[in-house]
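Taking it in order: structure first as structure tokens, then the write-up.
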Amino acid sequence: MTNTVVLVGRLTREIELHYTPQNQAVATFSLAVNRPFKNANGEREADFIHCVIWRKQAENLANWTRKGTQIAVTGHIQTRSYENSSGDRVYVTEVVVDNFQMLETRAIRENKAAEQISQQVEMISGSDNVGEKYNPFENREPMNIPDEALPF
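Position in the sequence shown (from 1) plus 288 gives the number in the working numbering.
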């Protein structure tokens, strides 16, 4: 039987990096992955996949990425359960990441961050954009990635 997962998506929040009592790095994150079809309203929906990554790769992911970074991950699905503070059994399904690859160059990430800061300053300073909904992907140019560069 095979249990292999390949996902491409964007980080929905900053990486949460922790260390076990044995000093093993472990990071958790959520990845927004677009579905390959549109809903009845013609909009593309996304799934939010919970992921965990261990050891040096966890530290690298936490150091090199930020919320919104596009990455590809490979790994496997794992289920586990635990008892919460109320005494209820909670079941969790997550992707245990074996490898990850960033799909944006550092320049693109830094440019995106600078644009976001500029837009936030513009909104705070009382420009005409105050009250408009901010879309961080609105002015983004499409990425040109050759098939050979993809990890799958």
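We put the CB at the ideal spot given by N, CA and C, even for glycine.
Neighbourhood of residue i by C-beta distance below 7 Å, restricted to the same chain and skipping five residues each side
i, result
"residue 306", "314"
"residue 332", "322, 323 and 326"
"residue 303", "315, 317, 349, 350 and 353"
Per-residue burial, residue i [other beta carbons within 10 Å of its own, 16 or more giving buried]
i, result
"residue 328", "exposed"
"residue 441", "Because the chain in this structure spans residues 289 to 440, residue 441 falls outside the shown range and cannot be described."
"residue 365", "exposed"
"residue 301", "exposed"
"residue 290", "exposed"
"residue 334", "exposed"
Span of the alpha helix (DSSP H) around residue i
i, result
"residue 349", "343-352"
Limits of the beta strand (DSSP E) - the one that residue i falls within
i, result
"residue 365", "358-371"
"residue 389", "377-390"
"residue 326", "313-326"
"residue 304", "304-307"
Beta-carbon proximity list for residue i, same chain, < 6 Å, skipping 5 on both sides
i, result
"residue 298", "320, 356 and 358"
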